[in-house]
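Chains A and B, in that order, give the protein sequences.
Using this note's numbering, read the first sequence as starting at 1 and increasing by one per residue.
Using this note's numbering, read the second sequence as starting at 666 and increasing by one per residue.
I have placed the structure first, in the form of structure tokens, so that the comments after it can refer back to it.
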Amino acid sequence: MKRFLSLALLCVFVFTVPSDAQEVDNDFVKKYIAEDVYLSDTDASAVVLYEKGSIEIAEIANRYMQVYKVRRMLKVLKADAVDEANISEFYRSTAMTGYVSNVKVATYNLNNGQIVQIPLEKSAIYNTDLGNGYHEFKFALPQVKVGSIFEYSYEVYTAAVMLLPSWYFQNEYPTLRTEYEVTIPRGYPFAYVTQSTPTFKHFNSKKEADYASSEAYTLSIDHPSERNAYMLWGRRNVPAMRQEPHAGNVADYAEKVEVQIQSPDANVSMLDSAGLKKLWKEYTRELLSRKKFGKQLEYDNNFLDQTVSSITAQQTDKLANAKSIYRYVCNNIRCSDSISINPQRDIEKVFTSKDGDAAEVNLLLVAMLRKAGIRASPVILSTWGRPKAYHAYPMYNNFNHTVCVANIGGTKYFLDASSKYNAFGRLPYYCYTGYARVIDEDGDYAIISSKQNREKSVFAIKVTEFTRNSMVMQVTQHLGMNQSRFMRKLLDEDSVKLAGLLNSRIEMMNDGGEVSKITIENSADPDTNLIFRCTISKKFEKPFDVFYLNADQLRLVSTNPYKPMKRLMPVEMLLQEDESYVMSLQLPENMELEELPKSVKVNFEDKITFRHLINYSKETNFLSITAQLKRTETFFTPSEYELLSQFYEKVLTELNHVLVLKSKS
Amino acid sequence: MRPILLLATLLATIFCHAGERTDYNVANISPAILKQANAVIRNRDIKVKVMSPTEIYTYEKVAVTVMDDKGADAGRIEEYYDKLVTIEEIKATLYDRAGKEIKRAKRRDMQDIAVYGEGFVVDTRYKSFDFHYANYPYTVEYEIERRVSSFFFILDWELQPDYNCAVEHVTLEMNYPAGQDIKYKLYHIAEQPQLKTVGEQTVFSITVANLPATKRDAFAVRETYPLPAVVFSTNKLEMGGVAGTMQNWNGFGKFYYDLNKERDVLPEERKATVHQLTDTCRSAREKVDVLYRYLQKYTRYVSIQLGIGGWQTLDAAFVSKTGYGDCKALSNYMMALLKEAGIPAYQALVYAGRSNAVQMDPDLASNVFNHVILCVPIQKDTVWLECTSGELPAGYLSDFTHDRHVLLITPSGGTVVRTPHYSFADNKVVRKVQLKMKESGELTGGAAIMQCGSFGYKADIILRTGTSRDKEKLLNGIFNLPAYKVEKHEYNIQSVRKLPTVNETLHINGTSVVTNSGKRIFFDPVITDINIATLIPDENRVKPFSIREGYEIVDTTVITLEGKYEAEHLPKTITVKHPFGEYEYTPSFENGNTLTVIRRYRQIDGVYQPELYSQFVKFANNAGRVTEKVVLVKKES
């Protein structure tokens, strides 16, 4: 045994087979091994029977290390969960720090009424140096199939101490019991943020918490006489939470806890608004002090003088200067990674090489704007598809992207120069996620919500010729700014493809007409809306006596995007929409409108409005049709989903107007 | 001499770098090749020295000019290596547009990164470097020396790396001992190589110049090498201590067989399981089905590719013990199970993939495979098995591996055969819908749906293994109605003519889109979708196009209305016939209240001349798109 241990210390991995029954909770296995469905959630492909995570900041070999321990036991109910038995864990490792230890693994199967335990060979544990200081260790549990229970545990030792892993109580499988504990030296205050449906009930001991029937429990030990502060959170019977369509990241709504070590200066008990403000200031100050982030913005940066002067030479207006500088950065600095928060190179290198990632490019923009006498600062935010940042506590992991804010004449302009297709004053859609922080001396927050991302488009058809034999239409489409951005990129990357797509779309809309004179305006100016124009000419097979005019050529709403479903997550949209369709035509002299449908208006409170107005003047024989779908809300609760579905259903049933034109008798 | 110095000396002796091109002034690039080019290979000098079948050295010096940001990837260095192919030296230099040197990078400046996401465990890594320079155009030149442990890994050389990359000049020289017989084949190369004997060495060399950038066509015909390439085969091959030949497919197959033989021994316990399961089966086919289901239930796909493990399978005992393996290991394991049951089976090497699959060249054996499946020839029948799938029925291959040449591996060598091809008659949807509709648009009724082939397979997976949400989504996508509810849904899943076949019946209540003007009612007669993707026209198509999957969708919809009507306008009947597809749309109105719409869309797989492409695009974009409504006038009661 001693020999084994001394050898073990030399190895990266120490693997121990559970040597006797005490190490494995056989009752637990016996209880669940024969189950083949989880009655509370028959959709569940697996159930997490038990899991526990713990973080300990411990002094090992004269240095503080973070010890992360995980234990998990899972019951497989359906085939698509079998791959959960392929385990991998990432960790940072530099020089002599960073290793995995004490890996324990077992699969349990029921074989002719007997529970059979299958171990894992030591050689089946793999460790890979990924590069850049990251490692990955992995193993695949043996003989896992539908009905198996498997469990594993391991310990990861790393040097990182500030950023602790988040712990999710809730994931895509229901969980019977899950716990997370932290043990941190009292010299390192820490803060935590929990997100859960039941409130955590506090207990004085683990024994009490174990015996209580609380769905959510917590206990803490923080006595001056103790070396460490300790906290534990536990949850029982956590339902599954699965990603749903038309929603942001499921992690925003999943139950979780996040823990972060603070600097010794911060007094974590001061969580009133003044205390919170102080903590955010600390957070901002830290970023401002980083050489490749805020610190370099304080320098003279004389290498920018000539360029900034030449850009701003002809104008004195600050807004005009800001636009010129912004456009210079967009067009001249290549961005290798459009989302980033951790600059690796300073702005002088970025400027000289004309290359950088998004953080580096936007920091360069800040420096150039400041050089031109414009108030500008970096802004950090979390992009769409990631868990959102929130104000409750400064958590480093919450943010992943850097943009810029320029204050000109009392107006704030948010800018992202990472792409030449981004308009001045408009961020790419994925930045409109709500809470953001301005990194300057004031260290204030900003709200960049999807409601600020307004998309207005107009599709207009003017019938310029209309006889019983033919029709000519002039089509004009003003695209919204988001769509314009997308189309400009496509135009650059594959103009042939774009032309083909447009052509096909128009042909599909118009049914048999000939499309000509396609033009695209404003393609070179990302700060404007793209405008497409074309002419559609139709010759009818024979002169008509009755003409059916589809009053909804564009099909603003062609299907119901919100099919009926049970909903747990809210519906989140990336932008506000205002889409209009206008058609005007002068009827031929010998034709008249036989049936004039009534106008339609459908509302979903004041959040979404659909209007379809048809106006006809008998005197002038002139017809105009206007349809508009306007949505000002970008967030709908789960309980509103059904109403949303019904709104679109109503629009579809109401919007099917066909105008009947007949020869005058 | 220390080993590393010895190697460096050897490499210096092998590769003389005299007479190299180094003028990288962008102004000197011929305009004729610049059209559509985002990058230009200015020069690529490839030298291969074959010392023996297991000791080969390669040297490459590549200079690529990055013209704009779309070509930026071409200027980033990413050179792969593993235990079998090692990088001995690598360095790079950056030049500006005038060809003036700006910066250098050595091996120690480059990142060393593990390949991630290509399998559960792989040992492939790569050297990565980016000069972070964006003053276009600029040139990156890099040199790389490799040691290769088997001829197997240097058989093919693609001289034009990508469609949007032009090539000014490339030279490939291979120097090999006289006893090593090497054949070659050229793809899309007009120039001819030179072969000369120098002492006991043979030198193959070829120079290719002025290859313009080109574009990838949609619906391209599958080729082995769509861009210029030189491919070699040899009579002497060795890997993992196994020697063989690769001069033809038979030799390649024998080599692969020898590399993997005797790895099909099952433990006694597993042998007993086989007999327990199959001794009472009445036919060989039944045994195959039983054992395949056993494989699907008790194993899973986990890819472990270490060292020679990319080509040599983990043995059957390993899979039996762990319950997992990659495609080779699972196919080998299945083969072992069948062998124990007295049924011979053979592994088949294939290039798997949907849209980008590479075609084997029947004339030249080359390493074009990325997957292994299993072939079980039973009298009057051949059963193909995809051993990595937990869902596919025995005998059916999805578009991942169907309809292509594969190399069957037998003890006597390799044989080229073809996997099953499924035509439009095999991939089918037939829907019969009968509904009663009120003037308000409310409707009620039922549908009988049959799906087989690729449609049946997709429906099968969802119905058998999907969550209730997946099933809900499937049912909500059948009809193109504003709202409907499926009140009852029944289905059965079978294998008919070896095709996964799903038969469903359902009853719905819903709403159609009806406009009621008082005198007339208007409604869309088509309530089911065909779902054809929008195609992009290509008026300048030069190459033939290939439709890989044929299928057919037949819809019969009968809507019986409340009340009596006269049809004022019915959409016109459409009949379109092309070599590549047919479409029929036939609406009719009878008895004053019954609308019947029969719609048939057929896409016919095959290879077609480029002149037909624009017709195909128009056909696909227009078929199934019904904009005309039915207009009925109410009769006075």
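Think of the CB as a built atom: it goes at the ideal place given N, C-alpha and C, for glycine as much as any other residue.
- Nearest to A:Leu304 by C-alpha distance, out of A:Phe351, A:Leu176 and A:Pro387, is A:Phe351.
- Listed along the chain, the chain A residues whose CB falls inside 7 Å of the CB of B:Gly1106 are Thr653.
- Annotation: B:Ile1195 is outside any alpha helix (DSSP H) and is labelled neither H nor E by DSSP.
- Restricting attention to A:Gln114, A:Lys138 and A:Lys538, the CA atom closest to the CA of A:Ser516 is found in A:Lys538.
- Proximity of A:Lys538 to chain B, defined by a Cβ-Cβ separation below 7 Å, is not satisfied.
- Under the three-state reduction of DSSP output, B:Tyr1216 falls in the strand class.
- The beta carbon of A:Glu649 sits closer than 6 Å to those of Asn560, all from its chain and outside the five residues before and after it, given in chain order.
- With its beta carbon at least 7 Å from every one in chain B, A:Ala240 lies outside the interface.
- In terms of CA proximity to A:Gly187, A:Ile261 leads the group A:Met473, A:Ile261, A:Gly434 and A:Pro526.
- Taking 8 Å as the upper bound on Cβ-Cβ separation, chain B lies near residues Pro142, Gln143, Val144, Lys145 and Val146 of the segment 142 to 155 of chain A.
- For B:Ala982, no beta strand (DSSP E) run applies; the uninterrupted alpha helix (DSSP H) run containing it begins and ends at Ala981 to Thr987, by DSSP.
- Contact of A:Ile333 with chain B by beta-carbon distance below 9 Å involves Ala799.
- Among the residues facing chain B, A:Thr128 is included, as its CB has a counterpart in that chain under 7 Å away.
- A:Gln477 sits buried, since 16 or more C-beta atoms from the chains shown fall within 10 Å of its C-beta.
- Counting other Cβ atoms within 10 Å of its Cβ, A:Gly133 stays below 16 and is therefore classed as exposed.
- Excluding its 5 nearest sequence neighbours in each direction, B:Glu1227 has C-beta neighbours in its own chain below 8 Å: Lys1101, Met1102, Lys1103, Glu1104 and Asn1258, listed in chain order.
- The alpha-carbon of B:Gly782 is positioned some 12 Å away from that of B:Arg790.
- The Cβ-Cβ distance between B:Ile706 and B:Val729 falls below 7 Å.
- DSSP, read as helix, strand or coil, puts A:Cys330 in helix.
- A:Asn560 belongs to the set of residues whose beta carbon lies under 7 Å from a beta carbon in chain B.
- Each residue's CA atom was taken as its position, placing A:Gly98 and A:Ile57 some 14 Å apart.
- Among the residues facing chain B, A:Ser663 is not included, as its CB has no counterpart in that chain under 7 Å away.
- Where B:Cys830 is concerned, there is no enclosing alpha helix (DSSP H), although the beta strand (DSSP E) around it starts and stops at Cys830 to Pro842.
- Taking C-beta atoms as the reference points, B:Lys712 and B:Glu903 fail to come closer than 7 Å.
- When Cβ-Cβ separations below 7 Å define contact, A:Ser353 makes contact with chain B.
- Short of 7 Å from the beta carbon of A:Lys598, and not among the five residues preceding or following it, lies no beta carbon of its own chain.
- Taken through DSSP and simplified to helix, strand or coil, A:Glu649 comes out as helix.
- Taking CB atoms only, A:Lys618 has no neighbour in chain B less than 7 Å away.
- The Cβ-Cβ distance between B:Asn875 and B:Ala1030 does not fall below 7 Å.
- In terms of beta-carbon proximity, B:Val786 lines the interface with chain A, with at least one pair separated by less than 7 Å.
- Contact annotation: A:Leu77 and A:Ser45 have beta-carbon atoms nearer than 7 Å.
- In summary, A:Ala212 is exposed, with fewer than 16 beta-carbon neighbours lying within 10 Å of its beta-carbon over all protein chains present.
- Under the DSSP assignment, B:Trp914 falls in the alpha helix (DSSP H) whose first and last residues are Trp914 to Asn925.
- For A:Ala61, the closest of A:Leu110, A:Tyr157 and A:Cys534 by C-alpha to C-alpha distance is A:Tyr157.
- The continuous alpha helix (DSSP H) containing A:Asp210 extends over residues Lys206 to Tyr211.
- Using a C-beta cut-off of 8 Å, the segment 239 to 253 of chain A makes contact with the segment 380 to 397 of chain A, since at least three inter-stretch Cβ pairs fall below that distance.
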